[in-house]
Amino acid sequence: MYYEEHGTGTPLIMIHPPAMGRKVFHYQRPLGQRFRLILPDLGGHGDTETEKTFFTALDYAAEIAALQDHLGIQKAVICGYSSGGNVVQEFGLNYPDRTMALVLCGGFPEVHSYLLKYEHIAGMYMAKHYPKLLAKGLATAHTPDQHVRRMMYKHILKANKITWFHCYHESLHFSCLDRLKKLKVPFYLIYGARDFNNKHVRLYKRRVPDAEIIIIKKVAHQVPTRKYRQFNKKLTEIITGLKNGTPTSLN
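Quick note: full-length UniProt numbering has the sequence shown finishing at residue 251, numbered continuously throughout.
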């Protein structure tokens, strides 16, 4: 597995959504000044090459556990963006002893709305038939910076196209809703105020009443890139609170 590592201190591992790879966390690199930031490319993505093309969220969770073993990390804060949150939830449910906290940004426990279902189906179609157009659309949606757009576009196209398709398919059928009550680790949910995915908050609160909800104003889904200063600040507050062993005000 290819990964970037920045800084020292509390380990923070960030999990990307399908195809985007570690470059989607370009604006989170400054967090390496405060923490041990680890940005992996999951199997079939970016600079991680593998003969395998089909992965479940549980498979990817096992990859993260193996990466922790490789790096000598007993526990880490695991943060997932969009459907990268599926991997994070599987990790927390299957490796609670390796988890300091879970953070989902724009995450969901299952595809629970028509809009999200359509987004996945459209993604599968585009990944199969028009990957370059989809890559351009994803990069453009995430940042106005032309240099970063080009970097993201090139990195997205490194993804194995079969893996890309199957990641959307796997996410479409993923569900951990009935298992959420088994979570035993601190759980944080970050959403853009304009993100239709924030409707999943009520699903989480019914099953994980202690979950912390954080809403970032004036942004839709692309919080890590479009509102990276606020996102990085919230991550810093979360991890600092964990280190100090005291609740942190997140509003």
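Glycine included, each C-beta is placed from N, C-alpha and C at the ideal position.
Please report the straight-line C-alpha distance between M100 and I121, rounded to a whole angstrom. Here the question's residue 100 lines up with position 100 in the sequence shown. Here the question's residue 121 lines up with position 121 in the sequence shown. So the alpha carbons of these two residues sit roughly 34 Å apart.
By Cβ distance, which residues of its chain are closer than 6 Å to F54, with the 5 residues on each side in sequence left out? Here residue 54 refers to the residue found at position 54 of the sequence shown. Excluding positions up to five away in sequence, the list reads H166.
Please work out which residues of its chain come closer than 7 Å, Cβ to Cβ, to K199, disregarding the five sequence neighbours upstream and downstream, and give them in chain order. Residue 199 sits at position 199 when you count from the first residue of the sequence shown. Taken in chain order, the residues that qualify are S113.
Under 9 Å between the Cβ atoms of residue 300 and Y188? Since the displayed the chain opens at 1 and closes at 251, residue 300 lies outside it and no answer follows.
Could you check where the beta strand (DSSP E) with I216 kicks off and where it finishes? For the purposes of this step, residue 216 is identified with residue 216 of the sequence shown, where counting begins at 1. For I216, the enclosing beta strand (DSSP E) stretches over residues E212 to I216.
Taking the alpha-carbon of S83 as reference, which of L172, I13, I64 and K182 has the nearest alpha-carbon? Residue mapping note: residue 83 aligns to position 83 of the sequence shown, counting from 1. By alpha-carbon distance to S83, the top candidate from L172, I13, I64 and K182 is L172.
Boundaries (first-last residue) of the beta strand (DSSP E) holding E110: The sequence position of residue 110 within the sequence shown is 110, counting from 1. Premise fails: E110 is in no beta strand (DSSP E) and is neither H nor E.
Own chain partners of V208 with C-beta closer than 8 Å, once the 5 adjacent residues on each side are dropped: Counting from 1 along the sequence shown, the entry for residue 208 is found at position 208. Only L180, K181, L183 and F187 meet the Cβ criterion.
Excluding five sequence neighbours on each side, which residues of the same chain lie with their C-beta closer than 6 Å to the C-beta of L235? The residue labelled residue 235 in the question sits at position 235 within the sequence shown. Cβ-Cβ distances below 6 Å link L235 to nothing in the same chain once the five nearest sequence neighbours on each side are left out.
In this structure, how does DSSP classify E5 when only helix, strand and coil are distinguished? As a first step, residue 5 is located in the sequence shown; it is residue number 5 there, counting from the start. Strand.
Is it right to say G43 is buried, meaning 16 or more other beta carbons lie within 10 angstroms of its own, or is it exposed? The sequence position of residue 43 within the sequence shown is 43, counting from 1. Buried.
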